[in-house]
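Working notes, structure below.
Numbering (UniProt numbering), first residue to last: 1 to 108.
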């Protein structure tokens, strides 16, 4: 492994830990467990791109949640930039939630 290779798995885990500190204000479960994060990409320049969705297109935090995600991911020392892309394809559904989230919300 050359020194230019970054440990994307380790960085990915750090990003997930950060994502797990961000909550949808209407649901007492973090956005990662809710299944709102579809993908996390990291390139060799430590630019992070996060593909995520919202529970609904007119979600009350549609403006602020992506900004919060970007800010918190950017706060990681090694991350150079963070960009959040919102998609509604596929639309979010309860099926995307983790077992833990479903348990927390009494859906199991």
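Idealized CB from N, CA, C, for every residue including glycine.
### Message
Just to confirm before moving on: does the CB-CB distance between residue 109 and residue 19 stay below 8 Å?
### Response
Given that the chain is displayed from residue 1 to residue 108, the structure contains no residue 109 and the question cannot be resolved.
#### Entry: Where residue 27 falls: helix, strand or coil (DSSP)
coil
### Query
Expressed to the nearest angstrom, what Euclidean distance is found between the alpha-carbon atoms of residue 65 and residue 15?
15 Å
### Query
Mind checking residue 35: buried by the 16 CB within 10 Å criterion, or exposed?
buried
### Task
Indicate the three-state DSSP secondary structure (helix, strand or coil) for residue 111 in the structure shown.
Outside the displayed span of the chain (1 to 108) sits residue 111, for which this structure offers no information.
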